[in-house]
Amino acid sequence: MKIRVAAVQMVSGPDVAANVEAAGRLVAQAAAQGAQVVLLPEYFCLISGNDRDKLGIQEVDAGEQPEADTPLQHFLSVTARQHGITLLGGTVPLKSPKIHKICNSLLVYGPDGKRLARYDKIHLFGFEQNGERYDESASIEAGRQPAAFEAPCGRVGLSICYDLRFPELYRRLGVVSLIVVPSAFTETTGRAHWEVLLRARAIENQCYVLAAAQGGQHENGRETHGNSLLIDPWGVTLARRDKGEGVVIGDFDPARLADVRAS
Numbered sequence: 000m001k002i003r004v005a006a007v008q009m010v011s012g013p014d015v016a017a018n019v020e021a022a023g024r025l026v027a028q029a030a031a032q033g034a035q036v037v038l039l040p041e042y043f044c045l046i047s048g049n050d051r052d053k054l055g056i057q058e059v060d061a062g063e064q065p066e067a068d069t070p071l072q073h074f075l076s077v078t079a080r081q082h083g084i085t086l087l088g089g090t091v092p093l094k095s096p097k098i099h100k101i102c103n104s105l106l107v108y109g110p111d112g113k114r115l116a117r118y119d120k121i122h123l124f125g126f127e128q129n130g131e132r133y134d135e136s137a138s139i140e141a142g143r144q145p146a147a148f149e150a151p152c153g154r155v156g157l158s159i160c161y162d163l164r165f166p167e168l169y170r171r172l173g174v175v176s177l178i179v180v181p182s183a184f185t186e187t188t189g190r191a192h193w194e195v196l197l198r199a200r201a202i203e204n205q206c207y208v209l210a211a212a213q214g215g216q217h218e219n220g221r222e223t224h225g226n227s228l229l230i231d232p233w234g235v236t237l238a239r240r241d242k243g244e245g246v247v248i249g250d251f252d253p254a255r256l257a258d259v260r261a262s
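According to numbering that gives the first Met the number 0, the sequence shown holds residues 0 to 262 in order.
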């Protein structure tokens, strides 16, 4: 039986409440179109002029401290339960052992609102070219453990943005039916490498790839590449949104997956 999956594309800004409202609206659109698995992009809750602003909205892990005030985790849990979907929460800044850094965490919630998985981004982006510079390690503590979980479409491997460049991570996950890649690729690197890397990960792992991106001109002047995609195990692009907020939706087909692997 085919399973409908969706990637939400956003152009997040410095207003957390506005970003959360947009995320909720777009998830509702995906659910209304029959999506059972919905992926939000990296940094869905905040893209500002200073990467350290994420420290100001960091949350403790609600799984470890259920009594703590965790509005972003609460939003993801309630939204998943409201629509009866599996919701993958892009990334949420969670408290790390290092006082001046956060974990960039992908959190997964089931249709009952309970958390199914947490993955902390392992590979941190660093880039400098023609005055454009990024250094995630200045404010983010790298994760150390790959993660996957069981969903209606089978075993799902978790990754975040820059992880895409490291095929060894995906091999560590073992056999998966779907790889997810919430991202905020820059326009410079995205234009050069984004789609070819996503298609490579689908082909070499013989699985579907669902990538939810930030896509457009942000208030801080940053431009993200967009091009949220659903790719099949043969490397065929099934659905795309180039720029601007919206939903990319398509079907995960177990028969197609089996045919590619059998051949």
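C-beta: ideal position from N, C-alpha, C; glycine also.
Checklist entry - Buried or exposed: Glu244, going by 16 or more other Cβ atoms within 10 Å of its Cβ? => result Start at 1 with the first residue of the sequence shown, and residue 244 comes out as number 245. Buried, since its Cβ has 16 or more Cβ neighbours within 10 Å.
Checklist entry - Helix, strand or coil: which one does DSSP assign to Gln213? => result For this step, residue 213 is matched to residue 214 along the sequence shown. In the structure shown, Gln213 sits in a strand (DSSP, three-state: E or B).
Checklist entry - What are the partner residues of Gly249, as DSSP defines its beta bridges? => result Within the sequence shown, numbered from 1, the residue matching residue 249 stands at position 250. Val4.
Checklist entry - Does the Cβ-Cβ distance between Thr78 and Val4 come in under 8 Å? => result Walking along the sequence shown from the start, residue 78 turns up at place 79. Walking along the sequence shown from the start, residue 4 turns up at place 5. Result no, Cβ atoms of Thr78 and Val4 do not sit closer than 8 Å.
Checklist entry - Out of Cys152, Val59, Cys44 and Ile230, which has the shortest C-alpha to C-alpha gap to Ala183? => result Indexing the sequence shown from 1 puts residue 183 at position 184. Nearest of Cys152, Val59, Cys44 and Ile230 to Ala183, Cα basis: Cys44.
Checklist entry - Smallest Cα separation from Glu222: which of Ala199, Tyr161, Thr185 and Ser176? => result Start at 1 with the first residue of the sequence shown, and residue 222 comes out as number 223. Per the Cα distances, Thr185.
Checklist entry - By Cβ distance, which residues of its chain are closer than 6 Å to Lys242, with the 5 residues on each side in sequence left out? => result Your numbering for residue 242 matches position 243 in the sequence shown. Here the set comprises Gly214, Gly215 and Gly225.
Checklist entry - Three-state secondary structure (DSSP) at Phe165? => result As a position in the sequence shown, residue 165 is number 166, starting the count at 1. Coil.
Item to check | Contact the segment 27-40 vs the segment 147-154: 3+ CB pairs below 8 Å | outcome: yes
Checklist entry - Is the beta carbon of Ala146 less than 8 Å from the beta carbon of Leu39? => result In the sequence shown, the residue the question calls residue 146 occupies position 147. In the sequence shown, the residue the question calls residue 39 occupies position 40. Taking 8 Å as the Cβ cut-off, Ala146 and Leu39 do not qualify as a contacting pair.
Checklist entry - Hey, quick one: how far does the beta strand (DSSP E) through Asn219 stretch, first residue to last? => result Taking the sequence shown and counting its residues from 1, one reaches residue 219 at position 220. Asn219 -> no beta strand (DSSP E), and no H or E assigned at all.
Item to check | Nearest-angstrom Cα separation, counted from Gly173 out to Met9 | outcome: As a first step, residue 9 must be located in the sequence shown, where it is residue number 10. As a first step, residue 173 must be located in the sequence shown, where it is residue number 174. Whole-angstrom Cα-Cα distance: 30 Å.
Item to check | Own chain, CB closer than 6 Å to Arg154, minus 5 neighbours either side, in chain order | outcome: In the sequence shown, counting from the first residue as 1, residue 154 sits at position 155. For Arg154, where only same-chain residues beyond five positions count, the Cβ hits under 6 Å are Ala147, Val175 and Ser176.
Checklist entry - Among Val259, Ala61 and Leu229, which has the Cα closest to the Cα of Val246? => result In the sequence shown, counting from the first residue as 1, residue 246 sits at position 247. Considering only Val259, Ala61 and Leu229, the residue with the shortest C-alpha distance to Val246 is Leu229.
Checklist entry - Who pairs with Pro92 in a beta bridge, going by DSSP? => result On the sequence shown, position 93 is the one that residue 92 refers to. For Pro92, which the question treats as bridged, DSSP gives the partners Asn103.
Checklist entry - Do Arg117 and Ser104 have their CB atoms nearer than 8 Å? => result Here residue 117 refers to the residue found at position 118 of the sequence shown. Here residue 104 refers to the residue found at position 105 of the sequence shown. Taking 8 Å as the Cβ cut-off, Arg117 and Ser104 qualify as a contacting pair.
Checklist entry - Under the rule that 16 or more other beta-carbon atoms within 10 Å means buried, what is Asn49, buried or exposed? => result The sequence position of residue 49 within the sequence shown is 50, counting from 1. Answer is exposed; the Cβ neighbour count stays below 16.
Checklist entry - Excluding five sequence neighbours on each side, which residues of the same chain lie with their C-beta closer than 6 Å to the C-beta of Gly249? => result As a first step, residue 249 must be located in the sequence shown, where it is residue number 250. Leu229, Leu237 and Ala238, listed in sequence order.
Checklist entry - Tell me, which residues are paired with Phe148 by DSSP? => result If you number the sequence shown from 1, residue 148 lands on position 149. DSSP, once it has assigned bridges, lists Val155 as partnering Phe148.
Item to check | Where the beta strand (DSSP E) through Ala34 begins and ends | outcome: Along the sequence shown, one-based indexing puts residue 34 at 35. That residue, Ala34, is in no beta strand (DSSP E); it is neither H nor E in DSSP.
Checklist entry - Using the C-alpha atoms, what's the distance from Gln72 back to Gln81? => result The sequence position of residue 81 within the sequence shown is 82, counting from 1. The sequence position of residue 72 within the sequence shown is 73, counting from 1. If I take the Cα positions, the gap works out to 14 Å.
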